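Enquirer: Here you go, one structure.
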Amino acid sequence: MVLAVVFVPAITCAQANVRVLATDPVSPATLGYREDFYLRIDYTSDRPIFVRAEAFSEGKRVTQITSGSPMYNAGSGEAFFWIAYTTSQHVDNIEVTATDNQTGTTIAQMNLPVDITWTGAPSSTPRVPAEWVTRMRAKENARQKAAYAAYMNRPVRWWTSAIFLAVMWSIPVYFVLQIVLLWRFRDVWRKMVTIPAVLMLIVLAYTVYAYLDGSNIFPLVLIFTSPLALLYLLVIVGVRRMDRRPG
């Protein structure tokens with residue numbers, strides 16, 4: 039499906055260029071809940087880049103859900119990107135950029151005027167994507183599977199596994215130790231070990247909320263904070279034992 043729209047002049051540098059070849063659907067269009075607006079983007083670059091798109095409405099950035107971008111190697115090719123919404127939203131401009139893989143700076147940019155409206159309601163007749171969408175989506179899925187397989191089959195150093203296991207085991211060990219110390223310690227020592235308990239209850243509440251909200255990274259904060267809380271408790275235990283030693 040060829041894109042029939044007048045482009046705003048692209049901002050490029052000598053080393054990179056981006057250009058939208060087609061969209062699906064063609065503007066103007068109306069989409070339903072979580073229906074994707076696809077972009078087929080031609081790029082040229084002398085360095086590895088990310089190719090992304092941001093949605094705007096009356097000059098305000100309103101991007102909600104996107105496909106994200108893999109890293110594209112130096113050279114030329116076609117990038118695949120989509121934007122979607124779960125709520126009602128009108129978009130009048132799409133900003134396409136190429137950013138340097140190392141620095142994150144924008145090295146090429148173009149603006150695409152559009153007239154796309156998301157209703158926020160499920161569509162009664164789901165759209166059939168264009169042929170190029172099906173083809174590029176299958177290619178992207180194959181790339182993701184290959185990258186995942188390469189990651190899973192990579193050689194793992196023993197210390198990397200040891201650190202991972204230590205971090206994961208710190209979660210149950212922390213909670214067990216926290217309960218034991220609150221039960222055994224008295225006076226100022228109990229107050230000291232109560233500090234991480236209050237903070238970790240907040241973290242635990244956030245983790246449960248993120249899980250119920252459907253986040254796929256809901257345990258991340260708990261994973262990062264548990265080792266620190268456990269270390270704090272171990273330090274308190276060590277200091278208390280030293281304090282009780284006879285002079």
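Per the numbering used here, residue 39 is the first one in the sequence shown, and the count goes up by one each step. C-beta: ideal position from N, C-alpha, C; glycine also. Please read these numbers as outputs of a predicted model, since none were measured by experiment.
Tell me which residue opens and which closes the beta strand (DSSP E) that Y247 is part of.
Expert: As a working note, residue 247 is residue 209 in the sequence shown. Taken as a continuous stretch (DSSP letters only), Y247 belongs to no beta strand (DSSP E), being part of the alpha helix (DSSP H) at 225-250.
Enquirer: Taking the alpha helix (DSSP H) that T157 falls in, what are its first and last residues?
Expert: The residue given as residue 157 occupies position 119 in the sequence shown. Premise fails: T157 is in no alpha helix (DSSP H) and is neither H nor E.
Enquirer: Which of the three DSSP states is assigned to S95 in this structure?
Expert: Here residue 95 refers to the residue found at position 57 when the sequence shown is read from its first residue. Looking at S95 - three-state DSSP - the assignment turns out to be strand.
Enquirer: State the DSSP-derived secondary structure class of P86, mapped to helix, strand or coil.
Expert: Locating residue 86 in the sequence shown gives position 48, counting from the first residue. In the three-state scheme derived from DSSP, where H, G and I count as helix and E and B as strand, P86 is classed as coil.
Enquirer: With DSSP collapsed to three states, give me the class of F119.
Expert: Taking the sequence shown and counting its residues from 1, one reaches residue 119 at position 81. Under the three-state reduction of DSSP output, F119 falls in the strand class.
Enquirer: In whole angstroms, what is the alpha-carbon distance linking L239 and I209?
Expert: In the sequence shown, the residue the question calls residue 239 occupies position 201. In the sequence shown, the residue the question calls residue 209 occupies position 171. If I take the Cα positions, the gap works out to 13 angstroms.
Enquirer: Rounded to whole angstroms, what's the CA-CA distance from R173 to V166? Just pull it up for me.
Expert: Your numbering for residue 173 matches position 135 in the sequence shown. Your numbering for residue 166 matches position 128 in the sequence shown. Rounded to the nearest angstrom, the two C-alpha atoms are 13 angstroms apart.
Enquirer: Could you please give the first and the last residue of the uninterrupted beta strand (DSSP E) stretch that includes A67?
Expert: Locating residue 67 in the sequence shown gives position 29, where the first residue counts as 1. From DSSP, the beta strand (DSSP E) with A67 extends over 67-69.
Enquirer: I'd like the span of the beta strand (DSSP E) that includes A200, first residue to last.
Expert: The count along the sequence shown starts at 1 and reaches residue 200 at position 162. Per DSSP, A200 lies in no beta strand (DSSP E) segment; the continuous alpha helix (DSSP H) that holds it begins and ends at 196-222.
Enquirer: Using only the alpha-carbon positions, how far apart do V46 and D130 sit?
Expert: Taking the first residue of the sequence shown as 1, we reach residue 46 at position 8. Taking the first residue of the sequence shown as 1, we reach residue 130 at position 92. Unreliable positioning characterises V46 in this predicted model, as indicated by a pLDDT of 46, which lies under 50. The coordinate reading is nonetheless provided below. In a straight line, the C-alpha of V46 is about 12 angstroms away from that of D130.
Enquirer: S161: buried (16+ other C-beta within 10 angstroms of its C-beta) or exposed?
Expert: Here residue 161 refers to the residue found at position 123 of the sequence shown. By the 10 Å Cβ count, S161 comes out exposed.
Enquirer: By the three-class DSSP mapping on this structure, what secondary structure does P265 have?
Expert: Numbered from its first residue, the sequence shown carries residue 265 at position 227. In this structure, P265 counts as helix in the three-state DSSP scheme.
Enquirer: Taking the continuous alpha helix (DSSP H) assigned at A112, which residues delimit it?
Expert: By one-based count along the sequence shown, residue 112 stands at place 74. Run containing A112: none; DSSP gives neither H nor E here.
Enquirer: With DSSP collapsed to three states, give me the class of I255.
Expert: The sequence position of residue 255 within the sequence shown is 217, counting from 1. Here I255 sits in coil by DSSP.
Enquirer: Let me make sure I understand the geometry here. Which of P234, R278, T245 has the alpha-carbon closest to that of L268?
Expert: Looking up residue 268 in the sequence shown gives position 230. The residue with the shortest Cα to Cα distance from L268 is P234.
Enquirer: Return the chain-ordered list of same chain residues with a C-beta closer than 7 angstroms to the C-beta of S65, the five sequence neighbours on each side being excluded.
Expert: Here residue 65 corresponds to residue number 27 of the sequence shown, with the count starting at 1. Here the set comprises V43, V152, D153, I154.
Enquirer: On the DSSP bridge assignment, give the partners of T135 in chain order.
Expert: Here the question's residue 135 lines up with position 97 in the sequence shown. R90, Q147, per the DSSP bridge assignment.
Enquirer: Taking the C-alpha atoms as reference points, what is the distance between T68 and V231?
Expert: Here residue 68 refers to the residue found at position 30 of the sequence shown. Here residue 231 refers to the residue found at position 193 of the sequence shown. Distance between the alpha carbons of T68 and V231: 57 angstroms.
Enquirer: Could you check whether I132 and Y110 sit closer than 7 angstroms to each other, using their CB atoms as the reference points?
Expert: Stepping through the sequence shown from its first residue, residue 110 is reached at position 72. Stepping through the sequence shown from its first residue, residue 132 is reached at position 94. Going by C-beta atoms, Y110 is not nearer than 7 angstroms to I132.
Enquirer: Does the Cβ-Cβ distance between R72 and A122 come in under 7 angstroms?
Expert: Translated into the one-based positions of the sequence shown, residue 72 becomes position 34. Translated into the one-based positions of the sequence shown, residue 122 becomes position 84. Yes, these two residues count as a Cβ contact at 7 angstroms.
Enquirer: Out of T104, M190, T82, T141, state which residue places its alpha-carbon closest to the alpha-carbon of R90.
Expert: Position 52 of the sequence shown, counted from the start, is the residue given in the question as residue 90. Answer by Cα proximity: T104.
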